[in-house]
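These notes are about the structure you will find just below.
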């Protein structure tokens, strides 16, 4: 039966129908010029549905590409201040970490040497401070020369600056200066998480030597995940904060997501001639992954127009048609092929232009695709 329907519509849309009604039999459709007749049983068997034009919102859009991303402050590349050998790496990619949690442990004899140097300088500093105080007292009492006083002051302050620098370095290595002064030295240092987030990359393994330029692992905090879009220079003047966006992740889902323009860049990349646009995603609970490719439609204006479902509009070459209900009797339906002009489209609806004579009329809005499954000449949207 389906191939017979296809034959009927091909005859209808290519205007090859006979001027006389051609009845195949009582159970099959008939055609006459631009008309097609279907029995109630045929209509029902193909799950066809009648519907009318309805008002829908259509947008003028700018089509762009982009990626799922997070702000720079939500990313962290973990490195070490001093080189060393990895002795502990408890984490895997995907592990969640809290700020301050242990990430890796390194070992190197240079850590011991640094602590020894700090201890020696600290002990020297105590002597130099006392000498500076003594020389100041003698100078105030005019017992010693200004030269001796200034020399003691310079030596003490120079040593104090060196001491403070070493102490700062120890703290940056997560070594406690007070423990060092107490004689407790360590050949290992621990590196802790600078942010709360997830491990996105681990570049080391136990026993591996890393230097200060090596990235040990990377962390990402996805609490403020967003959409980063790249917009051509010619379209940037159309954009502004607050415009809505519909986007998809074509490689991962057929679902359409929503976002809002939050920031529009103020500089153009000289190579690509594009501007970055930062958008906030509405579906915050969706499990987006940083780096996902996105295809987006930025809505720059909207208009309400009369429309039909995509399946109701049939395309043959560059022309568009609908099947308009002419008669509805107890025996069946008579439909007329009606050429229409179409405008904007959404995922589910297509705008019809010049609908003056089509309002309140009925059309086949579902089931046309079944008539055209094997047709090479026409297709429904």
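In my numbering, the protein residues as written are 10 to 390. Note that CB positions come from ideal geometry on N, CA and C, so glycine has one too. The structure displayed is predicted, hence computed values, not measured ones.
Three-state secondary structure (DSSP) of residue i
i	result
residue 163	helix
residue 141	helix
residue 284	strand
residue 313	strand
residue 104	coil
residue 375	strand
residue 208	strand
residue 90	coil
residue 7	With the chain covering 10 to 390 only, the question about residue 7 has no answer from this structure.
residue 156	helix
residue 60	strand
residue 83	helix
residue 124	helix
residue 119	helix
residue 169	helix
residue 179	helix
residue 364	coil
residue 197	strand
residue 276	coil
residue 262	coil
residue 149	helix
residue 34	Any reading at residue 34 needs caution, since the residue's pLDDT is 41, under 50, leaving its predicted position unreliable; the model's value is listed next. In the structure shown, residue 34 sits in coil (DSSP, three-state: anything other than H, G, I, E or B).
residue 247	helix
residue 109	coil
Unbroken alpha helix (DSSP H) run spanning residue i, endpoints
i	result
residue 50	49–54
residue 189	186–190
Cβ neighbours of residue i in the same chain (closer than 7 Å, five flanking residues each side left out)
i	result
residue 86	224, 227
residue 131	172, 190
residue 230	79, 83, 204, 205, 206
residue 195	120, 184
residue 356	265
residue 155	148
residue 169	134
residue 397	Any answer about residue 397 is impossible in this case: the structure gives the chain only from 10 up to 390.
residue 293	none
The ligand COA heavy atom lying under 6 Å from the CB of residue i
i	result
residue 179	Questions concerning the ligand COA fall outside what the structure shown contains, since it holds no ligand whatsoever.
Cβ shell of residue i (< 8 Å), same chain only, five flanking positions each side left out
i	result
residue 36	Note on residue 36: pLDDT 48, under 50, position unreliable in the model; the coordinate value appears next. 48, 50, 51, listed in sequence order.
residue 181	90
residue 101	208, 211
residue 248	71, 240, 270, 273, 286, 307, 309
residue 158	144, 145, 147, 148
residue 289	235, 236, 268, 269, 271
Per DSSP, cross-strand counterpart(s) of residue i
i	result
residue 130	None, per the DSSP bridge assignment.
residue 236	77, 288
residue 297	Residue 297 is not bridged to any residue.
residue 318	358
residue 97	114
residue 218	94
residue 229	84, 207
residue 302	76
residue 350	362
residue 307	71, 254
Terminal residues of the beta strand (DSSP E) in which residue i lies
i	result
residue 67	63–78
residue 251	Counting along the chain, residue 251 falls outside any beta strand (DSSP E), and DSSP gives it neither H nor E.
residue 337	328–337
residue 269	265–273
Own chain partners of residue i with C-beta closer than 6 Å, once the 5 adjacent residues on each side are dropped
i	result
residue 376	55, 56, 57
residue 336	343
residue 373	57, 332
residue 106	202
residue 217	95
residue 330	323, 346, 348
residue 314	67, 360
Proximity test, Cβ basis, 7 Å: residue i and chain C
i	result
residue 357	In the structure shown, chain C does not exist; there is a single protein chain.
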